[in-house]
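K.L.:
Questions regarding the structure given below will be posed in turn.
2 protein chains.
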Amino acid sequence: MPNSLPTDSVGSLQSVGVVTPQIIHFSEPLLLACGRTLSDYQIVYETYGTLNANKSNAVLICHALSGHHHAAGFHSMGDKRPGWWDAYIGPGKPIDTNKFFVVSLNNLGGCHGSTGPASINPETNKPWGPDFPKLRVRDWVASQALLADALGIEVWAAVIGGSLGGMQAMRWALQYPERVRHCVVIASALKLSAQNIAFNETARQAIVSDPNFCDGRYLEQNTLPREGLAVARMIGHITYLSDFAMGEKFGRDLRKGSFDIGSDAPVEFQIESYLRHQGDSFANSFDANSYLLITKALDYFDLARDYNDDPVAAFKLTKAKFLVISFSTDWRFAPERSHEIVNALIGANKAVSYAEIESQFGHDAFLLPDERYQQVFTRYLNGVSQSCV
Amino acid sequence: MPNSLPTDSVGSLQSVGVVTPQIIHFSEPLLLACGRTLSDYQIVYETYGTLNANKSNAVLICHALSGHHHAAGFHSMGDKRPGWWDAYIGPGKPIDTNKFFVVSLNNLGGCHGSTGPASINPETNKPWGPDFPKLRVRDWVASQALLADALGIEVWAAVIGGSLGGMQAMRWALQYPERVRHCVVIASALKLSAQNIAFNETARQAIVSDPNFCDGRYLEQNTLPREGLAVARMIGHITYLSDFAMGEKFGRDLRKGSFDIGSDAPVEFQIESYLRHQGDSFANSFDANSYLLITKALDYFDLARDYNDDPVAAFKLTKAKFLVISFSTDWRFAPERSHEIVNALIGANKAVSYAEIESQFGHDAFLLPDERYQQVFTRYLNGVSQSCV
Chain A
11 MPNSLPTDSV GSLQSVGVVT PQIIHFSEPL LLACGRTLSD YQIVYETYGT LNANKSNAVL
71 ICHALSGHHH AAGFHSMGDK RPGWWDAYIG PGKPIDTNKF FVVSLNNLGG CHGSTGPASI
131 NPETNKPWGP DFPKLRVRDW VASQALLADA LGIEVWAAVI GGSLGGMQAM RWALQYPERV
191 RHCVVIASAL KLSAQNIAFN ETARQAIVSD PNFCDGRYLE QNTLPREGLA VARMIGHITY
251 LSDFAMGEKF GRDLRKGSFD IGSDAPVEFQ IESYLRHQGD SFANSFDANS YLLITKALDY
311 FDLARDYNDD PVAAFKLTKA KFLVISFSTD WRFAPERSHE IVNALIGANK AVSYAEIESQ
371 FGHDAFLLPD ERYQQVFTRY LNGVSQSCV
Chain B
11 MPNSLPTDSV GSLQSVGVVT PQIIHFSEPL LLACGRTLSD YQIVYETYGT LNANKSNAVL
71 ICHALSGHHH AAGFHSMGDK RPGWWDAYIG PGKPIDTNKF FVVSLNNLGG CHGSTGPASI
131 NPETNKPWGP DFPKLRVRDW VASQALLADA LGIEVWAAVI GGSLGGMQAM RWALQYPERV
191 RHCVVIASAL KLSAQNIAFN ETARQAIVSD PNFCDGRYLE QNTLPREGLA VARMIGHITY
251 LSDFAMGEKF GRDLRKGSFD IGSDAPVEFQ IESYLRHQGD SFANSFDANS YLLITKALDY
311 FDLARDYNDD PVAAFKLTKA KFLVISFSTD WRFAPERSHE IVNALIGANK AVSYAEIESQ
371 FGHDAFLLPD ERYQQVFTRY LNGVSQSCV
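Residue numbers (my numbering), protein chains in the order written: chain A, 11 to 399; chain B, 11 to 399.
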């Protein structure tokens with residue numbers, strides 16, 4: 011997930027301030043879509059705002075490929091970087107913590123504190139690695155429902171997510187129709203296209219062909235497939251940005267070298283070192299098996315598959331109201347993909363609001379401050395909060 | 011370069027039939043843009059058709075990133091796969107070998123018979139590897155001019171190229187204005203965008219981070235960076251195809267596995283195995299150092315750089331007439347990039363014809379049979395041949 015802009019400092023009135031991640035253990039086995047069960051797992055989460063007496067103001071944030079539980083606020087007074095969606099979560103912000111009780115978790119299979127491939131497999135006392143069960147979006151939703159149970163939240167005022175998070179939000183509305191009043195689906199899709207899958211598969215190949223991947227048992231071998239993960243991230247990162255935004259930010263500017271005739275000095279473009287830096291940082295902070303698992307869940311997601319490939323039939327089973335948002339230059343999940351969601355919702359006779367935001371920033375736009383996006387988001391959630399009685 | 015469709019068999023009237031590559035040695039040192047010289051190098055080329063008495067009907071084909079000299083015909087009677095542009099070169103085809111004498115070469119730095127990084131460095135008696143001089147598009151054009159000299163061709167009736175080949179064609183018109191009567195620039199650009207460079211750099215990182223790359227000295231180590239080169243090719247290949255074409259050809263079709271609930275069988279999409287196959291075949295037939303060298307030449311190309319970034323000023327120095335062609339779904343070199351070429355040519359008061367071909371096939375379209383593309387191409391080159399007196 012790209013860096014969000016640090017819009018507020020820790021002491022700002024618009025910030026949720028210092029937050030402390032919480033960990034919840036589950037010892038009841040979770041039956042997964044693949045047929046396997048996961049027993050004795052944990053989920054790390056954060057909450058912002060206060061649950062009201064009726065427990066009717068809870069909002070769930072579902073994260074995208076490289077996201078996690080730390081969506082807003084800071085982890086200490088000296089922390090310079092807020093959570094990844096801090097621009098949209100806080101007092102007076104679209105997801106207004108004066109009104110809502112916001113829950114944000116790291117999904118199972120992730121690598122930021124929830125049980126995942128880098129966790130110890132209790133049966134072997136070694137890291138799960140490649141033996142960790144393959145997860146689907148519906149498994150995340152099921153585990154999020156258990157977290158809701160544990161927090162005493164019967165019905166979410168809204169389930170909200172961008173990208174892969176939007177897929178979870180849609181799955182929530184389908185899997186637990188009575189538990190979702192509003193569903194906010196941002197820069198998402200009913201399913202990946204062949205091109206989307208192609209990019210994911212190329213990224214996975216970069217990882218598994220790194221000799222340090224060791225068939226996924228790199229932690230046991232005391233190594234990390236850093237190079238492969240860095241290339242995977244570079245591939246992904248290109249698809250998060252628009253051609254235009256990259257051109258505006260980097261163009262053909264040089265970091266070093268010269269095009270002078272007779273000069274043998276190697277030329278390096280700014281975009282090259284930027285991308286390599288993105289790849290390297292990611293490779294030091296993300297687990298490769300988690301990356302494989304999550305991209306596979308992305309590829310497999312297909313909301314209408316169980317309904318004869320008819321998304322109208324799928325959405326007919328939902329009871330939520332929907333807000334769908336897309337961004338004009340997003341080519342990873344283009345506005346057409348959101349149109350498909352909206353058209354299916356209309357076909358299913360569901361309440362849906364749709365906004366296509368003009369933005370230069372490609373898929374990343376869903377994380378970045380933008381006036382119209384903020385207005386649309388705020389207005390919709392104001393309506394949601396007024397019905398939290 | 012993607013496979014062209016085998017439109018004709020070796021004995022077909024529309025085929026140039028069996029062709030034999032020829033090799034020419036140059037012992038006069040070639041001064042390169044980087045300041046180094048290349049002495050004692052060879053170029054492999056093929057010719058189709060017959061040079062007329064006035065030597066006025068010669069056409070040069072410039073190849074793209076993964077192309078080579080074998081553009082048309084077959085290498086033996088049993089050869090099932092024709093040259094990469096066989097759909098467009100042959101008797102009665104757009105580049106009509108009944109009318110033109112067609113020259114097609116493998117560029118210096120390549121790996122199909124011309125001197126390149128996999129050749130032996132005469133000073134060390136070892137493969138050049140990473141020590142091979144960095145080449146620019148202008149160096150290729152200079153070496154192509156020496157080949158023209160050797161073949162007795164003073165003036166090309168046309169210099170023709172797609173993609174990186176179109177960049178060579180434009181550079182020809184600028185570097186040797188008296189030697190190019192017509193310049194055909196297909197699916198090309200005045201320079202790469204930041205996004206283009208980003209894809210190339212990610213591909214290069216996949217190669218150089220393969221431990222078998224051995225800092226480019228893999229041949230001396232008796233190994234090959236196959237995995238890295240395969241990932242590089244997968245990245246490139248995605249950008250050659252349109253999202254739509256990939257969707258039409260592969261969609262979300264499965265090659266194996268199942269999405270059934272309770273099934274742990276791994277799912278593989280058709281697009282995944284297709285891409286991996288493309289990567290693997292390429293890795294067995296292309297030299298990694300050549301790939302690095304050629305993608306760098308692509309990145310560095312910027313026709314207007316020496317002219318205050320003003321392509322109008324650059325094109326003012328040319329004397330050729332131009333045909334520019336783009337394809338509607340090409341997102342690697344989108345129609346807008348061709349518009350920039352056309353607008354600069356108009357600004358420079360040059361004769362230019364432009365066609366934007368409706369096609370589903372993305373950048374690859376320049377290699378594939380298409381009726382309107384063939385018609386535009388044929389009509390233009392008919393005019394060229396009529397002036398070959």
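The C-beta atom is built at its ideal place from N, Cα and C for all residues, glycine as well. These numbers were taken from a predicted model, which means no experiment stands behind them.
Let me know the secondary structure DSSP gives Cys193(B) once reduced to three states.
P.N.:
Within the second sequence, residue 193(B) is the residue found at index 183, counting from 1. Three-state DSSP puts Cys193(B) in a strand.
K.L.:
Less than 7 Å between the beta carbons of Ala168(A) and Val69(A), yes or no?
P.N.:
Counting from one through the first sequence, the residue named residue 168(A) turns up at place 158. Counting from one through the first sequence, the residue named residue 69(A) turns up at place 59. Result yes, Cβ atoms of Ala168(A) and Val69(A) sit closer than 7 Å.
K.L.:
Report the neighbours of Ser208(A) on chain B: residues whose CB is nearer than 7 Å to its CB, in chain order.
P.N.:
The residue given as residue 208(A) occupies position 198 in the first sequence. The amino acid occupying residue 208(A) in the given sequence is Ala; Ser does not appear at that position. Per Cβ cutoff of 7 Å: Ile248, Met256, Ile281 and Leu285.
K.L.:
Given this structure, state the Cα-to-Cα distance separating Ala450(B) from Asp253(A), to the nearest angstrom.
P.N.:
Past the edges of chain B, shown from 11 to 399, lies residue 450(B), and the structure says nothing about it.
K.L.:
Please classify Val20(B): does DSSP put it in a helix, a strand, or coil?
P.N.:
Start at 1 with the first residue of the second sequence, and residue 20(B) comes out as number 10. Here Val20(B) sits in coil by DSSP.
K.L.:
Quick check: Gly172(A) and Ala255(A), are their CB atoms within less than 7 Å of each other?
P.N.:
Here residue 172(A) corresponds to residue number 162 of the first sequence, with the count starting at 1. Here residue 255(A) corresponds to residue number 245 of the first sequence, with the count starting at 1. It is not a contact, given that the beta carbons lie outside the stated cut-off.
K.L.:
Can you give me the C-alpha to C-alpha distance between Ala358(B) and Ile335(B), rounded to a whole angstrom?
P.N.:
Locating residue 358(B) in the second sequence gives position 348, where the first residue counts as 1. Locating residue 335(B) in the second sequence gives position 325, where the first residue counts as 1. Distance between the alpha carbons of Ala358(B) and Ile335(B): 18 Å.
K.L.:
What residues in the segment 196 to 223 of chain B bring their beta carbon closer than 8 Å to a beta carbon of chain A?
P.N.:
Listed by position along the chain: Lys201, Leu202, Ser203, Ala204, Gln205, Ile207, Ala208, Phe209, Glu211, Thr212, Gln215, Ala216, Ser219, Asp220 and Pro221.
K.L.:
Looking only at DSSP bridge pairs, what is Lys136(B) linked to?
P.N.:
By 1-based counting over the second sequence, the position of residue 136(B) is 126. In DSSP, Lys136(B) forms a bridge with Asn131(B).
K.L.:
Span of the beta strand (DSSP E) holding Leu70(A)?
P.N.:
The residue labelled residue 70(A) in the question sits at position 60 within the first sequence. Looking at the DSSP string, the run of the beta strand (DSSP E) that includes Leu70(A) is Ala68 to Cys72.
K.L.:
Is the separation between the beta-carbon of Val165(A) and that of Ala307(A) shorter than 7 Å?
P.N.:
Within the first sequence, residue 165(A) is the residue found at index 155, counting from 1. Within the first sequence, residue 307(A) is the residue found at index 297, counting from 1. Cβ distance not < 7 Å, so Val165(A) and Ala307(A) don't count as in contact.
K.L.:
Distance, Cα to Cα, Phe292(B) vs Asn131(B)?
P.N.:
Locating residue 292(B) in the second sequence gives position 282, counting from the first residue. Locating residue 131(B) in the second sequence gives position 121, counting from the first residue. Approximately 25 Å, taken between the alpha carbons.
K.L.:
Are the C-beta of Met5(A) and some C-beta of chain B separated by less than 7 Å?
P.N.:
What is shown of chain A runs 11 to 399, which leaves residue 5(A) out entirely.
K.L.:
Beta-carbon of Ala43(B) versus every beta-carbon of chain A: anything under 7 Å?
P.N.:
Taking the first residue of the second sequence as position 1, residue 43(B) is located at position 33. Closer than 7 Å to some Cβ of chain A, the Cβ of Ala43(B) qualifies, so yes.
K.L.:
Applying a beta-carbon distance threshold of less than 9 Å, which residues of chain A neighbour Phe260(B)?
P.N.:
Here the question's residue 260(B) lines up with position 250 in the second sequence. Within 9 Å Cβ-Cβ: Ala204, Ile207 and Ala208.
K.L.:
Three or more C-beta pairs under 8 Å: does that hold for the segment 111 to 126 of chain A against the segment 286 to 304 of chain A?
P.N.:
They touch, by the three-pair rule.
K.L.:
In this structure, how does DSSP classify Arg347(A) when only helix, strand and coil are distinguished?
P.N.:
Locating residue 347(A) in the first sequence gives position 337, counting from the first residue. Helix at Arg347(A).
K.L.:
Can you tell me whether DSSP reads Trp182(A) as helix, strand or coil?
P.N.:
For this step, residue 182(A) is matched to residue 172 along the first sequence. Residue state, collapsed to three classes: helix.
K.L.:
Would you mind working out which of Val20(A), Gly393(A), Thr30(A) and Ser49(A) sits nearest Pro39(A), comparing C-alpha positions?
P.N.:
The residue labelled residue 39(A) in the question sits at position 29 within the first sequence. Answer by Cα proximity: Ser49(A).
K.L.:
By DSSP, does Phe292(A) sit in helix, in strand, or in coil?
P.N.:
The sequence position of residue 292(A) within the first sequence is 282, counting from 1. It is helical.
K.L.:
Give the straight-line distance between the Cα atoms of Gln385(B) and Gln370(B), rounded to the nearest whole angstrom.
P.N.:
Taking the first residue of the second sequence as 1, we reach residue 385(B) at position 375. Taking the first residue of the second sequence as 1, we reach residue 370(B) at position 360. Using only the alpha carbons, I get a separation of about 18 Å.
K.L.:
Rounded to whole angstroms, what's the CA-CA distance from Met3(A) to Arg236(A)? Just pull it up for me.
P.N.:
Outside the shown range of chain A (11 to 399) lies residue 3(A), about which nothing can therefore be said.
K.L.:
At a CB-CB cut-off below 7 Å, which residues of chain A make contact with Glu477(B)?
P.N.:
Absent from the structure is residue 477(B), since the part of chain B shown begins at 11 and ends at 399.
K.L.:
Who does Lys201(A) pair with in a DSSP beta bridge?
P.N.:
The count along the first sequence starts at 1 and reaches residue 201(A) at position 191. Answer by DSSP bridge pairing, in chain order: Asp312(A).
K.L.:
Check the DSSP bridge columns for Lys144(A) and list the partner residues they point to.
P.N.:
For the purposes of this step, residue 144(A) is taken as residue 134 along the first sequence, with counting starting at 1. Bridge partners of Lys144(A): none, in fact.
K.L.:
In the DSSP assignment, the beta strand (DSSP E) including His35(B) goes from what residue to what residue?
P.N.:
As a working mapping, residue 35(B) is identified with position 25 in the second sequence. Looking at the DSSP string, the run of the beta strand (DSSP E) that includes His35(B) is Gln32 to Phe36.
K.L.:
Should the segment 316 to 326 of chain B be regarded as contacting the segment 338 to 358 of chain B, the criterion being three or more beta carbon pairs within less than 8 Å?
P.N.:
Output reads yes: the segment 338 to 358 of chain B touches the segment 316 to 326 of chain B.
K.L.:
What does Arg46(B) reach in chain A if we use C-beta pairs closer than 8 Å?
P.N.:
Here the question's residue 46(B) lines up with position 36 in the second sequence. Here the neighbours are Asp274.
K.L.:
Looking at the C-beta of Asp253(A), does it have a partner C-beta in chain B at a distance below 7 Å?
P.N.:
Within the first sequence, residue 253(A) is the residue found at index 243, counting from 1. So yes, Asp253(A) belongs to the interface.
K.L.:
Following the continuous beta strand (DSSP E) through Ser395(B), name the residue where it begins and the one where it ends.
P.N.:
Position 385 of the second sequence, counted from the first residue, corresponds to residue 395(B). No beta strand (DSSP E) contains Ser395(B), which is instead part of the alpha helix (DSSP H) from Glu381 to Gln396.
K.L.:
Going along chain A, which residues have a C-beta under 7 Å from Phe371(B)?
P.N.:
For the purposes of this step, residue 371(B) is identified with residue 361 of the second sequence, where counting begins at 1. Residues of chain A passing the Cβ test: none, with the nearest at roughly 13 Å.
K.L.:
Would the segment 154 to 163 of chain A count as touching the segment 79 to 91 of chain A if we require 3 or more Cβ pairs under 8 Å?
P.N.:
No contact exists between the segment 154 to 163 of chain A and the segment 79 to 91 of chain A.
K.L.:
Hey, how far is the Cα of Ser66(A) from the Cα of Thr57(A)?
P.N.:
As a working mapping, residue 66(A) is identified with position 56 in the first sequence. As a working mapping, residue 57(A) is identified with position 47 in the first sequence. About 15 Å.
K.L.:
What residue from Cys121(A), Ser124(A), Asp309(A) and Arg91(A) has the CA that sits closest to Gln205(A)'s CA?
P.N.:
On the first sequence, residue 205(A) is found 195 positions in, with the first residue counted as 1. Checked all of Cys121(A), Ser124(A), Asp309(A) and Arg91(A); the closest Cα to Gln205(A) is Asp309(A).
K.L.:
Flag Ile34(A) as yes if its beta-carbon sits less than 7 Å from any beta-carbon of chain B, otherwise no.
P.N.:
As a working mapping, residue 34(A) is identified with position 24 in the first sequence. Not an interface residue.
K.L.:
What residue from Ala240(A), Asp106(A), Gly77(A) and Asn62(A) has the CA that sits closest to Thr388(A)'s CA?
P.N.:
Locating residue 388(A) in the first sequence gives position 378, where the first residue counts as 1. Nearest C-alpha to Thr388(A): Asp106(A).
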